[in-house]
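Residue numbers (the working numbering), protein chains in the order written: chain U, 23 to 303; chain V, -7 to 177.
For each residue, glycine too, the CB sits at the ideal point set by N, CA and C.
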Amino acid sequence: MAREIKAEAIVEKIFQLILKASFELRRDVLNAILLAAERETGLARKNLEIIADNAYFAYERKKPLCQDTGVVEVFLEIGQGVILPSEPLKDLVEKAVKMAFKEGALRASVVNDPLFERKNTGDSCPAVVDCELVPGERLRVLVMLKGAGSENTSFLRMLSPAVGIRGLKEVILKRLYERIPYACPPVIIGVAVGGTFDTVARAAKKTLFEPVGRRNSSLGLGRLEEEILNEVNSWGIGPQALGGKTTALAVHFRALPSHIASLPMAVCLSCHSLRTAEAEF
Amino acid sequence: MKKIITPLSVETVEILKAGDEVLLSGEVFTLRDRTHALIYDLIKRGKKPPFNFKGAVVFYAGPVFAPDRQTVVAIGPTTSKRMDIFTPSFLKLGVRGMIGKGPRGDKVIEAIKENKAVYFAAPGGVAAFLSRFIKKADLISYPDLGPEAVYRLEIEDFPLVVAIDSDGQSIFSQWGKPHLTEENS
């Protein structure tokens, strides 16, 4: 039996998710901030308390957590038993984006052309729409608003398998050290290894939807997450890069099967204002 | 906690030390990537910048307005490093204070020392919180750029930290290093 999902329902849901992501800090992120604040003193503690204060204030007043509401990215996991409306999905997503940015008075931050004109499109479109077919009759919608501050610090490398686990870890740490200060720490670090040039970046980004602090079920990857997190938090960069013990809230590691000659590696950084929301039909 | 008011004098700037917490009041001007480039071009052609640079404080930010286009509902610093190539010329022409987030390059630190300027860090990603300290916003120039336009903001007790002081001391230079083997260090 196939299941039909109406266009209006999809638009309405994405509209709501964009506003939710923009106004409500994820509970797992807020909890991690509050816990970290208890371990800090002085300016580091104050900066974490400001982040919590901002979250409550934004929620109550329906104001954006961060002025940079980014490029809207919508990941659709489409059950193969679902019948979608005939309108292009991209049009439905962008209808929701336009409505949400108007309703929420969110900042239009997209330019039409990256090199020559760089004219603001005025409505935060085009959005990024990613579709994946999955078994079943459900439609899962994941929305991410990602600002440029942390997106600009993300990185991808095509490594040689010869670097080994230790080499991989060092390449990651070296770049994190250089880039985290610009990414609005405390950051959430999404790492993916394996796959291909394109799939590794997407996998790294999608780890940011997972609950902050949940360890990978593979003992090896879980240990790498812990080691990277501990090392990053030993540097003293701290909240807002103004010093402290809390430089990262979590590291999420994913591994994908890859070519015999490849070890692609992507790290997607999120600022503390991790804005995602999801729903399922 | 030091309370200071714009425009900034050399004397005011000289008492500020890296790590000091400051509450800033007065007027500041928003500047971002595009307006830095456009104003840099004006200056090179011998024209005047769109606001008085003398003692001015610039804020690397693109505010979000309520539908009334007057009230700022969200504002916060953007990454300052992207402005680094323009900063020394702006400081030379009188800009004395900058508000942004994240470290600056060596050439900017040198220019801060030479021109007796100061770089403040504002907390990033807390735009609703920071909107409380904005009293008024006026569009100054480049309206076509939307959030990237130049706005004059009236701020009151805006919370900042002195990140790089007029002696070139930086709050960002005190971190530990990653533990790397030779081939990666």
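- Task: Quick one: using the 10 Å Cβ neighbour count with 16 as the cut-off for buried, is U:H281 buried or exposed?
- Result: exposed
- Task: Note down, in chain order, every chain U residue with its Cβ under 8 Å from the Cβ of V:S165.
- Result: Chain U residues near V:S165: none, gap ~11 Å exceeds 8 Å.
- Task: Give the straight-line distance between the Cα atoms of U:L291 and U:R48, rounded to the nearest whole angstrom.
- Result: 16 Å
- What's the C-alpha gap between U:E60 and U:R67? 7 Å
- Query: What's the call for U:R129, buried or exposed, on a 16-neighbour Cβ count within 10 Å?
  - Reply: By the Cβ neighbour-count rule, U:R129 is buried, with 16 or more other Cβ atoms within 10 Å of its own.
- Query: Do the CB positions of V:G89 and V:V64 come within less than 9 Å of each other?
  - Reply: no
- Query: Would you report the Cα separation of U:E109 and U:A29, rounded to the nearest angstrom?
  - Reply: 8 Å
- Task: Specify the secondary structure class of V:K40 as computed by DSSP and reduced to three states.
- Result: coil
- Where U:M121 falls: helix, strand or coil (DSSP): helix
- Which of the residues in the segment 71 to 104 of chain V, read from start to end, lie with their CB under 8 Å from any CB of chain U? T71, K73, K93, G94 and P95
- Message: Can you list, in chain order, the residues of its chain with a C-beta nearer than 8 Å to that of U:A74? Leave out the 5 residues immediately preceding and following it.
- Response: Residues L52, I55, L56 and A59 of the same chain have their beta carbon placed closer than 8 Å to that of U:A74, with the five preceding and five following residues left out of the count.
- Note down, in chain order, every chain U residue with its Cβ under 8 Å from the Cβ of V:A120. N76, F79, A80, R83, K85, P86 and L87
- When U:L198, U:P203, U:L164 and U:K35 are compared against U:G266, the one with the closest alpha-carbon: U:P203
- Task: Would you check if there are 3 or more beta carbon pairs closer than 8 Å linking the segment 133 to 140 of chain V to the segment 117 to 124 of chain V?
- Result: no
- Query: When DSSP labels each residue in this structure, what does V:I91 get in the three-state scheme?
  - Reply: Correct three-state label for V:I91: strand.
- Query: So which of U:A184, U:I40 and U:G171 has the shortest CA-CA distance to U:E125?
  - Reply: If you compare the alpha carbons of U:A184, U:I40 and U:G171 with that of U:E125, the shortest gap goes to U:I40.
- Report the residue from V:T4, V:I67, V:R74 and V:F57 whose alpha carbon sits nearest the alpha carbon of V:F150. V:I67
- Message: Tell me the DSSP secondary structure of U:A306 in three-state form.
- Response: Outside the shown range of chain U (23 to 303) lies residue 306 of chain U, about which nothing can therefore be said.
- Query: Just reading off the beta strand (DSSP E) that U:S182 is part of, what are its end residues?
  - Reply: It is not in any beta strand (DSSP E) - U:S182 carries neither H nor E in the DSSP assignment.
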